[in-house]
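For the sequence shown, position 233 (counting from the first letter as 1) is numbered 423 according to my numbering, and the numbering increases by one without interruption. What follows is a single structure, written as structure tokens, with notes after it.
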Amino acid sequence: MEQFEQLHIDDLSEGDLHVSGITVAVVNDNHENVQLTFNEEKNALSVVVSNTNINCHVNWKYHVLIADITGVGDITGPISSVSMNLGFETQEKDGMLIPKVNIQDFDIQFDEGNFNFNFDCSMCPGDLANIILNLFKGALLDKIRDEARGVVNDKVVGTVNDALMEGYPLTKELNEEIGIGLATMGPVVVKQDYLSAPIDGTIFLNSEGYNRPFDAPEIPVESAENPGEILLFISEYVFNTLSKTLNQVPIQFESSIFGFNLNIQVDGAKYPIDVSTHDKALHLGGGATVTIPALNIIFEVAAKSEIDLNFMPGDSANMLFIDPNADKDSLKIDTFILTVFGMRLNLSLFAGIVNFFIGMAIDHLVLPTIGVPKVEAMPLTATSALVNFFDRYTEAGIAFNFGMDN
Numbered sequence: 191m192e193q194f195e196q197l198h199i200d201d202l203s204e205g206d207l208h209v210s211g212i213t214v215a216v217v218n219d220n221h222e223n224v225q226l227t228f229n230e231e232k233n234a235l236s237v238v239v240s241n242t243n244i245n246c247h248v249n250w251k252y253h254v255l256i257a258d259i260t261g262v263g264d265i266t267g268p269i270s271s272v273s274m275n276l277g278f279e280t281q282e283k284d285g286m287l288i289p290k291v292n293i294q295d296f297d298i299q300f301d302e303g304n305f306n307f308n309f310d311c312s313m314c315p316g317d318l319a320n321i322i323l324n325l326f327k328g329a330l331l332d333k334i335r336d337e338a339r340g341v342v343n344d345k346v347v348g349t350v351n352d353a354l355m356e357g358y359p360l361t362k363e364l365n366e367e368i369g370i371g372l373a374t375m376g377p378v379v380v381k382q383d384y385l386s387a388p389i390d391g392t393i394f395l396n397s398e399g400y401n402r403p404f405d406a407p408e409i410p411v412e413s414a415e416n417p418g419e420i421l422l423f424i425s426e427y428v429f430n431t432l433s434k435t436l437n438q439v440p441i442q443f444e445s446s447i448f449g450f451n452l453n454i455q456v457d458g459a460k461y462p463i464d465v466s467t468h469d470k471a472l473h474l475g476g477g478a479t480v481t482i483p484a485l486n487i488i489f490e491v492a493a494k495s496e497i498d499l500n501f502m503p504g505d506s507a508n509m510l511f512i513d514p515n516a517d518k519d520s521l522k523i524d525t526f527i528l529t530v531f532g533m534r535l536n537l538s539l540f541a542g543i544v545n546f547f548i549g550m551a552i553d554h555l556v557l558p559t560i561g562v563p564k565v566e567a568m569p570l571t572a573t574s575a576l577v578n579f580f581d582r583y584t585e586a587g588i589a590f591n592f593g594m595d596n
């Protein structure tokens, strides 16, 4: 709508009447006036904008014999409808693909019967008043209509695609060591009641840069039941690249418990990390070394467990929060070694006794709550989420309030 705020119209002439200095403002300041529907046939979003008003101001001059009669005029009235189909393609950015939009079937209709025409020509003869009025009603509105089409085809599409080219991130850092690929693998596909956007999703080391280690399988999404406004299908490829990446670099971070500082290292070379989905659950296998410097104590733990994911609404900085927790019933301790003042004790055989405490440690230390940051292109706050794990893919639904009070 910003592109419509000021349309440029060239001067108009009809006989001895010349109209110049034409300014047009198209006003629609309520997002609820924009209605979107899915158009599978055209692979597009059908857009209809209602309750739009147009304000036009002109300078006019009429030359008769040796005299010039001048004045100004104003036209105000409603645009009965603006409609178009917003289609989707791809455009290349640094050797990868990102979304691109196109406009199809643009149409603008004026409710000419409800327009008000005002011009300061009280002393004009009647034939001149009719000439000015007919020009205002006919040629000027036609010119505005044509200019609006040009604005959409030349400026609006260009503005959107330029913004996508500038602001769409090909990759995003998840933390200092790990990134994820966000390029598209093809155009956005419009179905009967949803959009499908094929995002890359490759997990990689920031130090090595983006790379695809193997091919991704097809994801069966034809019969999805949508539990939210945005439905994510994550193939096993993403989890496989996550496992591969986590096993390439040790991850170190600090935490605390009972007032004691902890140094935690997750090293896939020592305890291989495996992230996978099967039996309708997310499975995590791996290990960590936890050091409590003040007590001169070191714990080495390797375990396998199903992971429960709890979702919490986002805040001003994060889209949502994910709280992963080890499922205590499925938790299996493979290694549990305690080193105290240099004395190494292998307590793996007693894992059943410490299962509960190890589960708590995994939840609070190794699997902390994760905030999913908002991105500039989609600054949304989630209200709830749901995830289901299947053997070949994962299905996640996210609901948003889209900034509305209700």
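From the three backbone atoms N, C-alpha and C, an ideal C-beta is built for every residue, glycine too. Bear in mind that the values here come from a model prediction, so they are computed numbers and not experimental data.
Residue pairing of Ser433 in beta bridges, as defined by DSSP: absent, with no partner found. If you keep only unbroken beta strand (DSSP E) runs of at least 3 residues inside the region 250-277, you get nothing at all. Membership of Thr349 in the alpha helix (DSSP H) is indicated by the continuous run 347-357. In the DSSP annotation of this structure, the continuous segment of the alpha helix (DSSP H) that includes Leu331 starts and ends at 331-340. Shown here for Asp405: same chain residues with a beta carbon closer than 8 Å to its own, the five before and five after excluded, namely Tyr427 in chain order. No Cβ-Cβ contact shorter than 7 Å links Thr479 with Phe511. Boundaries of the beta strand (DSSP E) harbouring Pro514: 508-516, taken from the DSSP string.
Burial state of Lys290 is buried, judged by a 10 Å Cβ sphere holding 16 or more other Cβ atoms. Collapsing the DSSP output to three states places Asp295 in a strand.
The shortest C-alpha to C-alpha distance from His198 to any of His473, Asn249, Ile293, Lys333 is the one to Lys333. When the five nearest sequence neighbours on each side are left out, the beta carbons in the same chain lying within less than 8 Å of the beta carbon of Tyr358 are those of Lys283, Ile288, Pro289, Leu372, Ala567, in order along the chain. Below 8 Å, enough C-beta pairs join the region 252-266 and the region 298-313 to call them touching: three or more. Under DSSP, His221 forms no beta bridge with any residue. One thing to note: Gln382 has its Cβ within 7 Å of the Cβ of Glu230. In the three-state reduction of the DSSP assignment, Val378 falls in the coil class.
Asn536 and Asn453 have their C-alpha atoms some 20 Å from each other. Judged by pairs of C-beta atoms under 8 Å, the region 486-505 touches the region 519-533, as three or more such pairs exist.
For Asp464, DSSP records a beta bridge to Gly475.
The secondary-structure analysis by DSSP pairs Glu444 across a beta bridge with Asn453. In the displayed model, Pro483 falls within a helix according to three-state DSSP. For Leu276, the number of other beta carbons within 10 angstroms of its own is at least 16, and it is reported as buried.
Contact annotation, Glu204 with Leu325: C-beta distance approximately 5 Å; criterion of less than 8 Å satisfied.
Beta-bridge partners of Tyr583 (DSSP): Ser425. Glu367 and Thr435 have their C-alpha atoms roughly 9 Å apart. Straight-line measurement puts the Cα of Pro503 at about 39 Å from the Cα of Asp295. For Ala215, the closest of Pro462, Ser446, Leu331 by C-alpha to C-alpha distance is Leu331. Taking the C-beta atoms as reference points, Ile322 is found no nearer than 7 Å to Phe300.
Per DSSP, reduced to three states, the secondary structure at Leu323 is helical. The beta carbons of Ser240 and Ser271 sit about 6 Å from each other, so the pair counts as a contact at 8 Å.
Counted as a single uninterrupted DSSP element, the beta strand (DSSP E) harbouring Gly561 occupies residues 560-563. A distance below 6 Å between beta-carbons, with the five flanking residues on each side excluded, links Gly476 to the following residues of its chain, in chain order: Tyr461, Ile463. Residue environment analysis places Leu474 among the buried positions, since at least 16 neighbouring C-beta atoms fall within 10 angstroms of its C-beta.
The distance from the Cβ of Leu202 to that of Ala329 is about 6 Å, consistent with a contact at the 8 Å cut-off. Leu318 sits in a helix when the DSSP states are folded into three classes. Close CB contacts of Asp344 within its chain, under the 7 Å cut and outside five residues either way in sequence, are absent. Glu366 carries a coil assignment under DSSP once its states are collapsed to helix, strand and coil.
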